[in-house]
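Enquirer:
Protein chains in written order, with this note's numbering: chain A, 1 to 287; chain B, 1001 to 1116.
1. Can you pull the DSSP bridge partners for residue 95 (chain A)?
2. Using a Cβ-Cβ cut-off of 9 angstroms, state whether residue 1116 (chain B) counts as contacting chain A.
3. Output yes if chain A places a C-beta closer than 9 angstroms to the C-beta of residue 1039 (chain B); else output no.
4. Does the beta carbon of residue 191 (chain A) sit closer than 9 angstroms to a beta carbon anywhere in chain B?
5. My guess is that residue 306 (chain A) and residue 143 (chain A) are in contact by the Cβ rule of under 8 angstroms, so how many angstroms apart are they, rounded?
6. Quick check on residue 1008 (chain B): does DSSP put it in helix, strand or coil?
7. According to DSSP, residue 137 (chain A) sits in a beta bridge with which residue or residues?
8. In the DSSP output, which residue or residues are listed as bridge partners for residue 1068 (chain B)?
9. Residue 1097 (chain B) versus chain A: which residues are under 7 angstroms apart at the beta carbon?
10. Does the beta-carbon distance from residue 1008 (chain B) to residue 1036 (chain B) come in below 9 angstroms?
11. With which residues is residue 1028 (chain B) paired in a DSSP beta bridge?
12. Have a look at B:1055, B:1056, B:1050 and B:1102 and flag the residue whose alpha-carbon is nearest the alpha-carbon of residue 62 (chain A).
13. Taking 9 angstroms as the threshold (beta carbon to beta carbon), is residue 1070 (chain B) in contact with chain A?
14. Helix, strand or coil: how does DSSP classify residue 208 (chain A) here?
15. How many angstroms separate the CA atom of residue 250 (chain A) from the CA atom of residue 93 (chain A)?
16. For residue 127 (chain A), count the other beta carbons within 10 Å of its own beta carbon; 16 or more makes it buried, fewer makes it exposed. Which is it?
17. Check distances from the C-beta atoms of the region 211-232 of chain A to those of chain B and list, in chain order, the residues that come in under 9 angstroms.
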């Protein structure tokens, strides 16, 4: 990317291409495709004028902002130089994004993993009610009707490299771009691709539903218990220096374990969300 | 030139206003969620733009490199993307449940139902 954000590019590519449009389409398939037209809508012209005024004011506001790429912008002056100059010595891994994510701001990341986990629980409690009602899922019927041989063969060739790549991204995240969040979404995207081509019934045999529910919570538990270990050893919560005498080795162990927890939770929650959406598509609602 | 210096921010504002427009002018709940997603994407671009330093490289320590882009916005945004998709999924599942109990996903019809 021209903005140097390789880690973000990974995540957005996997989420934007593999997960979010599918969730949108699944929802549309469940609730129906067409928007009803009604006369009681507020006029779009009023909304447009409001949006135009707000946008113009914001653009006037940008005139005071530092130029794109300026090295003396306020955002570059406070905490970032410390991360850039000292993370190599303090954490000992080349990828600063991973050091900041998993070590300097590990509290933040813990919070975000918990948010993802909570959202997963929310989706399951809203949509997971119809598990036993229909044995044959609608997606399986569509797949049984259409052959799509070429797509299936291509998917068969693609899925193992995607899974391998996600593991590479997971464990190589200290040295190159990558980490738990990226690996989690890439792994989930591979499983979603598999489900789309071979059906939910088959995917259920590969991915046991109860198993990934347990794994999703185990990931968060792993993350939280790393903090507890350091707490019980008399250090601060999520202080990795208890794991080894050498500070860099200790940081390295801590980051690896935490990224593993993040990766497991993200992958499992994404798969759980996708499965609960896809199993709610029923025959009569798709026209 | 000021146009090139601030171009990224203007794109952010345009995207943000498109999202905002969809949210306030459409009554279909799914369209509203799509609008919120576009809005969210504009915020991501804003953060990543502030992290860029001209002449810098990606924040991975390498030899012969002295200028790195700011790693902090990257951290915030890569987690925000994943959190964003999780919360979007939650919103979409709420829409599915609303459809199941109200029979519609149009906001004004839902309000009418509630009042009558």
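By construction, the Cβ of each residue, glycine as well, lies at the ideal position given by its N, Cα and C atoms.
Expert: From the atom records:
1. The partner list for residue 95 (chain A) (beta bridge, DSSP) reads B:1060.
2. It does not: the Cβ of residue 1116 (chain B) has no partner Cβ on chain A nearer than 9 angstroms.
3. Taking Cβ atoms only, chain A never reaches closer than 9 angstroms to residue 1039 (chain B), which makes this a no.
4. Not closer than 9 angstroms to any Cβ of chain B, the Cβ of residue 191 (chain A) fails to qualify, so no.
5. Lying outside 1 to 287, the shown extent of chain A, residue 306 (chain A) is not represented and no answer is given.
6. Residue state, collapsed to three classes: helix.
7. DSSP lists no partner for residue 137 (chain A).
8. Bridge partners of residue 1068 (chain B) according to DSSP: B:1057.
9. Simply 126.
10. Contact: no.
11. Looking at the DSSP output, residue 1028 (chain B) bridges to B:1106.
12. Nearest option by C-alpha distance: B:1050.
13. Among the CB atoms of chain A, one or more fall inside 9 angstroms of the CB of residue 1070 (chain B).
14. Residue 208 (chain A): coil per DSSP, three-state reduction.
15. Near 12 angstroms, if we compare the C-alpha coordinates of residue 93 (chain A) and residue 250 (chain A).
16. By the 10 Å Cβ count, residue 127 (chain A) comes out buried.
17. Residues: none.
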